[in-house]
Each structure stands twice: as C-alpha cells, then as structure tokens.
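There are 2 protein chains.
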Amino acid sequence: MSDQAATITPDPAPPAPTGRPPKVSSRGRTAGPLANSNADGDDVPEFELFGTPGPRGLPPLTEFLDIWDVNMLKMRAEVNRQQHHTTLYNSDFLIVRRGQEFQIKITFNRPYNPSEDKFAVEFLIGSNPQFSKGTYIPVFPTKERQSSWAGRITETSNNVITMAITPAANCIVGKYRMFIAIVTPYGIRRTRREERNDIYVLFNPWVSADSVFLDDEVEREECVLNEMGIIYHGSFDDVAERTWNYGQFEYGVLDACLYIMDRSAMPIINRGDATKVVRQASAMLNSRDDDGVLMGNWTGDYTYGVAPTSWTGSTEILLNYSSSKMPVCYAQCWVYAAVFNTFLRCLGIPGRVVTNFFSAHDNDGNLKTDIILDENGRIDRARTRDSIWNYHCWNECFISRPDLPPGFGGWQAVDATPQETSDGMYRCGPASVRAIKHGQICYPFDAAFVFAEVNSDVVFYSRTKDGAMEPVKVNRTHVGRMILTKGAGDDTRREITNQYKFPENTPEERTMLEKADEYGCHREKSDPPQADVDVVIPSLEISVGDDFSLNLDFVNQSDQPRTVDAYVSGSVVYYTGVTSAEFLFRTPTVTIAPHKSEREVVEVQSRTYMKHLVEQGNLHFIVTGKVKETGHIATAMKVVILRTPKLSVKVTGVPRVSEEMLATVEFTNPFSFSLDDVYIRMEGPGLMAAQSKYYSLIPAGSSLVWAEIFTPRRAGATRLVACLDCSALRQVTGQASVTIEP
Amino acid sequence: MSDQAATITPDPAPPAPTGRPPKVSSRGRTAGPLANSNADGDDVPEFELFGTPGPRGLPPLTEFLDIWDVNMLKMRAEVNRQQHHTTLYNSDFLIVRRGQEFQIKITFNRPYNPSEDKFAVEFLIGSNPQFSKGTYIPVFPTKERQSSWAGRITETSNNVITMAITPAANCIVGKYRMFIAIVTPYGIRRTRREERNDIYVLFNPWVSADSVFLDDEVEREECVLNEMGIIYHGSFDDVAERTWNYGQFEYGVLDACLYIMDRSAMPIINRGDATKVVRQASAMLNSRDDDGVLMGNWTGDYTYGVAPTSWTGSTEILLNYSSSKMPVCYAQCWVYAAVFNTFLRCLGIPGRVVTNFFSAHDNDGNLKTDIILDENGRIDRARTRDSIWNYHCWNECFISRPDLPPGFGGWQAVDATPQETSDGMYRCGPASVRAIKHGQICYPFDAAFVFAEVNSDVVFYSRTKDGAMEPVKVNRTHVGRMILTKGAGDDTRREITNQYKFPENTPEERTMLEKADEYGCHREKSDPPQADVDVVIPSLEISVGDDFSLNLDFVNQSDQPRTVDAYVSGSVVYYTGVTSAEFLFRTPTVTIAPHKSEREVVEVQSRTYMKHLVEQGNLHFIVTGKVKETGHIATAMKVVILRTPKLSVKVTGVPRVSEEMLATVEFTNPFSFSLDDVYIRMEGPGLMAAQSKYYSLIPAGSSLVWAEIFTPRRAGATRLVACLDCSALRQVTGQASVTIEP
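Line by line, the protein sequences are chains A and B. Note that the numbering used here has the first sequence beginning at 60, numbered continuously upward. Note that the numbering used here has the second sequence beginning at 60, numbered continuously upward.
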C-alpha cells in the first residue's frame, strides 16, 4: 500500500468563500428550537388516533361526548375578572392571575357522566409545547388525575358543567391557547382553536404562593392597579413633580408587554420567574444592544422624535413600539422608569418609580466621584470628568427572590436607563434594596452598582503641577441625599431613603460600609483635615428669566480670624450634572471674624444664563476656596432649578361615565421672546387617550386655548394631564383632578 | 392678553422624519466618552506650561534636566522578563506582571541630583487617562510623593539611574504608554511617545496581593505557562484525548487578546478586575450578540469555514479574528474552551479546560432532563426534546473572588459555548466551583446553570393517552458522571468530579441538595418504585466500520421469575446527544429466573449505521422496558464511541534550537470507500506555526505522506500535533513528542 502513497499529492486548497457565512441552524445542537415567542404556536391536532385506523376506516368518534359551547365568563362584571382584580383591563379576553381559581362553563351535547366520560381542558403556550416544561398543561376534572394546575367541577346542570381551574402559582405568565380534549377508546377529539377563548395568565400579588405576593391591600391597589402616577424630579431641596399616565390597562398595552418579551427572544419557560422577567425587561426597555423600546437622548436635539420632557404617559410609547417594531424616540431616565412601571403593573408585578436625588453614575461600583481642583483650589473643569446626576429615576418591584437567601425579598431596584458600565450590557437589577442597605452587595443582580448610586463619596482632589493628586476634601453625604416615591393610596411624597441607607454616622452605617468594603466596594479611605470655615448657600426659588441674588454665607467656626480666597463658578447643567456652559465666574476674597459669619452676595443677571439654557433649566453653582491661614479647602455646591410657567387645565361638564365632557388647556407665553415649534400633549387614564397639538409659533405675551371634548370610560378618581414642550421651554405641565361617577 | 388668545391656533404637525433616527451622541449624558479601547490614546503634551508665557516668550526649559535615553531592559535574557515569568512571549515589548517590581534605566544629560531635579515616570492607558480612574499613573522616584505604583531609585552611576517600579497589584491589565516628565519651575517637559517603550502589564499569579494568586508552582507552570494541552472527549467509560496547542506566547496572540476586550468595548477601568475580564470574555468568545471570536456550528455542514474537529490549536483562530475582525468559522464546545484557555493564560489568569461527561444542557437551571415513554414503555422520540451532551468542555480560572464572601475563591467555572438560556445573553460564569459543590448557587455568576449541568436528574415519564404524565423512573447519577482535566506537570488525566460534587448518597450531598433547593434549584421530588430488574450494557470498543454484538444483560434481583417486554433503540447521535437517525430497533421479550441474569445479544451491522454517521461517530443505545409482573420500568443507556484510524506523526533530525528538523505525517485510508476534500493540519508550540494541506481525494486503501521541514524556536519538551478532517471521517489525530535542546 505504501507504494501507492507517492501518488497522493496535496492539491491547492479550494478558495475560501467570501463574505459573511450564512446563518447556522440549530441542527445537531438542540433537538428542537427553543420556544421564545408567545406569538408562535403550532396547534394540536383536532383528532389524535390511538394506533392506525383499521380496515373499516376512522372509528365513529362522534358517538362520544361532544362540546357544544365553552363560556370563559370573561365579561367585566363576571366572577373571574372581579375576583382576579382584572376588571380594569380594556381587553376582549379572559385575564386571570395565577395561583387562584377561575371558572369556565362547558356545554356538552348531553349530560356529563363522570364515570364514563373523560376529558381534559388543555392550555398551551408558545411553539412546541411540552408537559415537562410547563408549556402544555392538561387539566382534569377529577382529583385522581392531578396535573400542575388543579381542576374540579363545581356545578352540573343538564348539559352544562362549571369547571374551576387553578393555574399553578409559579406558572408561565402570558397568553395561553385553550382546547378541550375528549378522550375516547379510539383516540382524542379536540375543540378547534378559537382565539376568543385564549386566556391571559398574570402574576398574582394577592396570593401568598406567588413570588410577587405583597401582603398589603393599599400597596397592591397603588402598585398594581393605579394607572396614575407622580414622578419626582428637580432638586432635593426643591422637589418638582410630574403626573404620569402609566395606562397599564389601556387597550393593547398588555399585548405590547408580551411583545417586548417576544422581541427579546426570552425563552417561554423563563416567563414564570418574576426575577428573570424583570431583568430581561430592564435590558429590553432601552434600545441599546437589542433594539428595545426606547432610544435615549440627552443632547437637547430631539428633531427626529419626541422630546423626553414632552411625554405625558406610557401608552403612546408602548403602542408605538409594538406596532412599528422600532425603538421609540426619545427617553431620559424618568421615561424609562415610567414605561418600565407600566410593564410591571400590567403583568401584575407590584412596581413603583423612585427618584434618587444626587445620583452617582457611570463609575461602575466605584464609590468615588472626583472633582479636581488646581493648586489654588479652583475647579479644573478639563480634568473633572465625573458628574453627579441632579436626580435619577429607577424602578422598584416587589419579589420574594427565591433565588437568594432569606431576608432579601421585598422591594428590588431595577433600572432600564442605559448605564455605561453595568456588567457589559445595558441593564441593571433586580437588586435587593435590603441587600443594598446592609452592604450585602455580593448577591445578584448589580447590587454594587445601585449601592454606588446612593453611597458614593464626592472626593475633591488637589492636583500639583507634576501630576500628583491629593484628596483634600471628602463629602460623604452629598450623594443619595433623598429617595422619594409616591405614597400608596394618596398623592403625597413618601421618603424611602431609610430603605436604602442607615442614618449617617450610626454604628449600623459603619457595619454596612465594612460589609460593602469586604465585597470590593472601597470608599475613599483618606480623611483630609476638615476646614474650619463652612460655605453655605441658602435655597432659592427662581423662575426662568429672573435676575436674582445668590447668597454665599461664609461661617468661621474657629476662634481665629479667617480669610478665604474663593472661586465661585456658575454653569448651566443638564440634569445629568454635565456642564453645558459656564456663565458666571467670581473670585471674592472674604475675611471672617472668629465665630462669625460673612455673607457674600453674587448678582446673577438673567441675560447671562438665558442664552445658554438647556433642557430642564438647571443652574449649578460650585464654590471652592482655600483658607489662607490653614491651607484647608472649603466647598459648597448648589443646584438651582428654574421654575417654569404652568399650564392651566380645566375640566367641565357632568362627570359621569359615557357623558361628554370638555377639557380646556390654556397657556400664556410670559417671556419677551416668542416660542417656536411647540407641542402640547394631553391624556388621562379612563378619560382620554394621548392627544397632541402643534403650534408653530406662540408670540411673546400671547395666549392659547385648546379645548377638547372627551367621554369618560370608567368611574373613579382620576386626572387629566397636559404638558407643553418646545426647545426653549421644557417641563411645563398642568393637570386637573376629576372624579367620574358611575 | 386673553383677547389675543383666540388668534393662536394649532397648525398641522410637521411630518415625522422617516427611517431610522441618526445615532445619538453622549452629549448631555456624560462629561466625556468612556474609555473602552486599549488601542486608543490621546497623547499628553510634550510641553506643559504653568501659567501663560510672559513677554519674553517661552522660558528656556532646556536648561533643566534632559533625558537622553530610556532602556526598558526588555530582552528575554534580562532581569525583568526572567523575574516576571514572561520570557516565553514572542514579543518586542516589555511584558511584566502587576504587583511586582521591574526596572528601567534612564540616562540623563548630566548626573541626577535628587534634591533639585524633579521627574515622574508616567504610565497611561486608553483615551482620556485620569489619575483617579487608574488610567494615568505618575510614578515618583522618592517615597515622599507616593502614587499607587511605587517607585525608587536602585542605582545611580554617572548620568544613568536605575529606577524600580511596582505596578499596583490590582492595576488595569493591558498595554500602557510610558513617558518621563521633567518638572521645572516653568512647566513640564516630556519625552516623546516612543512605541517601543510601551509596556504590557499582566495578571500575576505569583504575587499574593493579586486576585489571581495561585500558591502552587506546579499548577502555575501548567495553568499559565504551558502552551500544550490535552482536551478529553468521547464517553465517560471510553475517554478519548486530543492534544491542543494553546499557543498563548505566539507572536500577536497577546495583542489579539487585548483586541477582544477592545472589540467588546469593555471599559478600560474594569480591566484590572479578573472576574469582570473573564465574564466579558465568556460573552465575547462566541459570536452571538456581539460579533465575537468564534461562530458555533453543530450541523455537520462546514462548507463556509473550518470544521470544529479540524483545528489543532488556538493561535490560527485568534490571529485570524484580530486581523479579519470577523467571527471565525466554526467552533464546538472544545474549540471555545481551548481558545478561552489561551486568552486566560496569555493575560496571566490561571486557566484550564475541563470536560464534563454527560452534561445536561439548555434547561436553564432546571434540574430535569426528560425522556418520555409511551404507555408500553417505548421511548416517544417526538415528545422527547431534551438531550444530554455526551461530554461538554468548559473552562476553569483561578480567582480569589473578592466580590463574594470568603470561601468561594479558587477555581471558577466559566463557559464561552453559547447556551440557549443563560441570563438572556450568551455567556456563563465565572461561577465558584466550591459554591456549586455546596449548593450555594445564589452567588454570581450563573452558578445555578453550571450546577444543573453536573447535577440534573434524568426523569423517565410515562405518558397516558389523555396527555397526563407520570414519572416512572428517575436516574440521579447519569448526569455529571465524571469531570476531567489534564494533570499539572504531566500528561495524565486528573479526575476533579469531587471538586464539583459530593459522593452520591452521603449526608454532605443531601445537605447540598437542600441548599440548592432553597435557591430554587428543584430536583424531581417523586420517587417512583425501583424496578427489580436491571439492564446492564457492558462497555465496547468498536472501530468505525466494524460489525459488532451489543450485549444486554437483564439482571433479576427478585426471588420471582420476571419477564420484560423490552424496546432496544440504536441511533446515530451528535455529541450533543441530539439524534440524527435511528438505525436499529428491536423488541425482545426476555424471561429471567429469580436472582439470575439473562443475556440478550443484538447484532449490529456496520452498513446499518455507516450511512447515517455524523461528526464524531457516536452511537447511542437506549433500552426501555416494562416488567410484566410489576409494571415497573427498567432502562439502560449506552454511548458507543466509534474509534477512528490514527495519523502517524514522526519527527527526525537533531532536536536543537535553530537546527532544521523534519516532520512526517502519514495516513492510510482503511475504508472501502474514498475520502474527499480532506484537510490535514499540523502545528507545535515553539516548533511550527499552524500549517495545513488539502487533498481532494484519498482513494480506498491509499496512503499519503506529508513531510515538512521546521526549525525549533526554543528549548524544552513539546509536541507536534496533527489532525485529519473530512466530512466522512473526523477526529483523526496524531502527535509526536520531542524535547529540544538549547
């Protein structure tokens, strides 16, 4: 054989194919494609024979029990939706919650005989449903043949039986197809698929076996059933509010939420796990990585979409995404949080929006935000790259976290705003709020990241000429100053800072910081000497366009005279703390007698800042200075939120379901310049879907009136929200409360 | 003013722009772009003046100290690379490890005067370097001006000083730019960027302060410095090996590894954290989501690339990726694991490839793999969708895990093979192996997933005609039968199953399972009655093309006679356990006397399986049967790995560095059919870069000889590996060991 060897010679290798290789199938990798879309479904056969038909052909299956009608009892007034807290959904389908019994009525062709007639009610979800994956569930009317969903017959009357079915408390959440299968000796005969009998199964905060169980009716009413929300913004000492229409019960919103999971190709089998659903949604609500729901934009240029400040509710966004299948433009943090909140409440996971004032960002669990000063104590803006957001909104959802040790269930922080550095992907959480409070940040997901958002230190460095840096002041209380959410059952603010943090300088706080340190969250260790001169800037309430005086109180706490060479810098900033333009710079030298205070007044002219104004009109003042006698550094920071004019919203007419009413929005341009390209939006849950009007010009001093007829759809207390938005003036909102009688 | 109101009317809204909105910049969102590429770098100014120049223009900076030369002491024989264990890298640059001192020599224009002359050695990485982010590090020659990297002068002689520098033990890993800055009263004067003075800083397993410290010299030599590896495959009772050239020291491989992180846009500031680096790489080594290194393909059709079985080493893949910037085709699990291992060892993270025999997959932390039987006990292939991989390869890396509580450091499982269901992205780990063993699967990352791969149960369900399913047999020992890795310092197999699992049926195992259960990893609870008849299939050694007898031993453990109606099914399977074709089906009825055993012999003709053969030639036999007397189910499963012919590899000549030698590969086609489109690959670390030859046809019975001249590059024991691959015959390998004298 080796004689032959010489004849086998290598050939030139065939040319490599060019371009991208074709998509590779899963053949050989998996036995079948993974079901990852609720919209898919290969239906079961109507007839399923046992064995092959004999020579006489098909046996006469029709001799056996037959189904004449199935009634899902899905009307709003019927028992299922009442008991399952789903009356508010504007939907044509039966919507129930898992772990809780619902009823259907089946009409046979003759009275049902339990000892002879065998049938199963089958529920299927996704393609390729399988019993052991929980995607195919047969429910039997007798206790002997138990499945994961319990079934029993509660009533029999002539040909009609009422069957009660309890979905497992951990079952997959989504839209199921329903069939009734009659078992005969020869085979199975099924009802045809009837789309109107499809059934949505949701999370159930009312049932203790569900991982989203929330044992407080007031909280449940708020965090699951309330469509109207308040989102806080502004500054910690000058909080502003914005009313938001979550609209989780609007027509099409539930389907849009399921579409979001389908679009992310989330495996169907994971959709019963609230933690996984929430984590997936946090990735999917922003468009980064995955063409998710909302595209972020913080530039001030919103030509290609709707300005983030212009939205008044979530439904327009969700319906737009599910119909266009393209990211909706544009969002900033509160829009992400608001739409995420709609997603949570719509699926039955208790959810709320929280606002953290002075939120540290983009430093990846690093607990320092750096401000670089030169040798004289003046801020070096070129080298100061970190920013602290004036506020940041994220979400909390209530989950028992069976994947964690006991004690970390309850509220979980989750955030859909794209972070630059969270674990390589644009998503964050769910992170146990309790774990954050106790510094137990080793548990998934992204707890260290949220911990840094509320616990970072602001470190002032002095940079010498040869590049060496020395920390000269550490402010340990600036970041995470206050965390707010809307109160349950009322419209008040509820401060929840103590859910995230122990009070400063308590033993508990120290223990917590040590714990976090063990897990790699290192605080700035150095403790530079405290200056004995404090700078205090009292709070201010200023409207856009006002001239005003900024007071700087220099307080000498020593028993020696002190002189401070101060640098006062005023800039227009984005709400992210990023500086747009510096419009003011002063270098006063202030001498203060022992134990006295000296007020330095800085006059601010509106013309200096008006031309630089961006977005939400935040002015940021930073005072740094060196105490001559000691060389210590004194600092102060103040965010001034410029007040905007209000929109007047009025509702007139008889407030009764299905009676026409009139909404009137009025606005007067108070400025000496005209406003261009102005959009006004208005909506209200149960009252009116989102509407908008465009005004190409509102001249200085002019007023506009927009009147709109609407018809309330349901009874109860609700609000009409309106918002005016143009590039020169944002965050102008107004609202009217109204209680609709049945 | 309200009179004017009536004149303001809304306009039709301007048309919405069509198409995709433009990319949005980060303006307003962050103060500057986040540095996420090691290849980027904006260099520092050569002159940096303090204040503005006076009327007399630039002060004469040249009067001060000047740098004539910098010597990085980077040659292989010099102290730095010797002490830092980096002599093997084929690179023109200085490569050191962090937390350990290295030296450079600086030649000034005159003797250095410590009391007058001030300078700093500056290291910069990525764009926009900042002191507080650890991306700009000035190192001073005196103790008084300490930075995060220590500096000291160890020798002064005339104009030359030797400076010793110790990078922080947690510093960023990558390629730094180096400058020397002379500080004068007027400003800073810097050396120009000289690329040849760039320096690579790597992880350091030799230093206890580094999170990858591994306190065992034999392990370090193996898991960091050994380029030659063995990867196990086949079946747990018939283990096969494949030698692999990791090639982590080959020219260009280190740059390719840094490119992988750049390509994933991993923030520079995270690259000192071994856990984050490893997690990012596990996402980035597969092409899913992110155009990563390797495209997976399990279909058997590799027309558009190289068959996974054809590769002999990692370097070709990594160099191809970094030059083409496109995913390389194709990989299966051992290719992912092997290339990942190269990445780990190249960056200095101790790494090894492990093989888990019978690995449960794609069931998302669910601890069940389901096999569905019909009412007679016959396997229902249409409904059985789960598969168990005959084997699966992943990686372990050694990290102290400062992010976790004490006790979970050490080996960490990490996997780059794209899993269908791991946390919504195609990555997995690092998961503490110790946490997996103890069922503490609540810690990041993906521990529950790896736990399921080694601990799942195989559950046999009996499906009745109406769709109800009942577990009839649970096999708790099949999955995770054996876990192997190459021994450190030798070429033996090392079984590490006990690192992942306690012995079956011990109290420790029960405690572990209870723990895992607490964290949501639920095992099959039911305990169906054990059949008193066992089926045993003795091991077999069969070559491709053999006819053979399959013995089935039915063992009756009762004191009654037993009759089994058995179903014997033989299929060709992928190594993923996915069935390609069933080629054998028998239904013997076996009667066994009390306490006796009965052998049933099934004859298997090669013609029945040869035409269906895929890939790695695995035959899978499954026997199921119902014991007539008891109704209990007996089962047995056996994977038969068909042996392939060997390649003969011989090395001749004088084995000495830089002396020419000859490698000869020989192969004879033992089959009665010809082999088409055959590739042979050969390579060896320190001996020869990957080479390949293509043969369009090898007729039946023909032989080929491929002789190749090569020149060993370095001394030591090594191997030459060769692999033959064509669609009809895969996994044909051969190797020759050789020790090269200096």
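Glycine included, each C-beta is placed from N, C-alpha and C at the ideal position.
Residues near F613/B in its chain [Cβ-Cβ closer than 7 Å; skip 5 each side]:
V592, V594, V623, V649, I651, S656, E657 and E659
What residue range does the beta strand (DSSP E) around L432/A cover?
K427 to L432
I want to verify the contact list: residues of chain B whose CB lies under 9 Å from the CB of D525/A, in sequence order.
K177, F178, A179, P197, F199, R204, A240, V242 and I247
Contact set between D70/A and chain B, taken where Cβ atoms lie within less than 9 Å:
K752, Y753, Y754, S755 and L756
Kindly list, in the order they appear in chain B, the residues whose Cβ is closer than 8 Å to that of Q189/A.
D429, R442 and R444
When the Cα atoms are used, what is the spatial distance from P69/A to Y738/B?
9 Å
Just mark M134/B as buried or exposed, buried being the case when its beta carbon has 16 or more other beta carbons within 10 Å.
exposed
Suppose you measure from the CA of I799/B to the CA of C501/B; what does that come to, to the nearest Å?
49 Å
Could you tell me which residues DSSP pairs with N677/B in its beta bridges?
V632/B and I700/B
With DSSP collapsed to three states, give me the class of T650/A.
strand
Taking L463/A as the query, report the chain B residues whose CB atoms sit under 8 Å from its CB, ordered along the chain.
C501 and Y578
Distance CB(R211/B)-CB(P200/B) smaller than 8 Å
yes
Return the CA-CA distance between M60/A and L783/B, expressed in angstroms with no decimal places.
For M60/A, the predicted structure reports a pLDDT of 40, less than 50, and the residue's modelled location is therefore unreliable. A value from the coordinates is still provided. Approximately 19 Å, taken between the alpha carbons.
Extract the residue ranges of the beta strand (DSSP E) inside the segment 386–419 of chain A, only unbroken runs of 3 or more that lie entirely within it.
387–390 and 410–419
So for R330/B, helix, strand or coil by DSSP?
coil
Per DSSP, which residues does K574/A bridge with? Please list them.
DSSP lists no partner for K574/A.
Measure the C-alpha to C-alpha separation of Y578/A and N229/B and round it to an integer number of angstroms.
15 Å
R702/B versus G629/B - alpha carbon distance
17 Å
DSSP on P367/B, reduced to helix/strand/coil?
helix
With 8 Å as the threshold, decide whether the Cβ of E789/B is near any Cβ in chain A.
One point to set straight first is that residue 789/B is Arg, not Glu, in the sequence displayed. For R789/B, the answer is no, since every Cβ of chain A falls outside 8 Å of its Cβ.
Check whether chain B comes within 8 Å of V538/A, counting only Cβ atoms and requiring the distance to be less than that.
no
7 Å Cβ shell around L317/A - same chain, five flanking residues per side excluded:
N97, G233 and K234
Pull up the DSSP beta-bridge partners for E107/A, would you.
I247/A
Presumed contact (8 Å Cβ cut-off) between P744/A and G306/A, rounded CB distance:
6 Å
C-alpha distance - F416/B paired with D505/A, whole-angstrom precision:
33 Å
In the DSSP assignment, what are the bridge partners of S751/B?
R740/B
Starting from the Cα of F262/B, find the closest Cα among V283/B, I542/B and S446/B and give me that residue.
V283/B
Does the segment 362–376 of chain A come close enough to the segment 391–401 of chain A that 3 or more CB-CB pairs lie under 8 Å?
yes
Limits of the beta strand (DSSP E) - the one that Y195/A falls within
Y195 to V198
Within the same chain, show all residues whose beta-carbon is closer than 8 Å to that of N9/B, passing over the 5 residues directly before and after it, in chain order.
In this structure chain B extends from 60 to 801, so residue 9/B is not present and cannot be described.
With 8 Å as the C-beta to C-beta threshold (strictly closer), list the residues of the segment 346–360 of chain A near chain B in chain order.
D348, M354, G355, N356, W357, T358 and G359
What does the Cβ neighbour count give for G760/B, buried or exposed, with the cut at 16 atoms within 10 Å?
exposed
Quick one, are the C-beta atoms of R157/A and V260/A less than 8 Å apart?
yes
Select from R553/A, I224/A, D474/A and V698/A the residue whose C-alpha is nearest the C-alpha of S446/A.
V698/A
For the candidate residues D605/B, M747/B, T570/B and L543/B, whose alpha-carbon lies nearest to that of E300/B?
L543/B
S459/B in three-state terms, based on DSSP
coil
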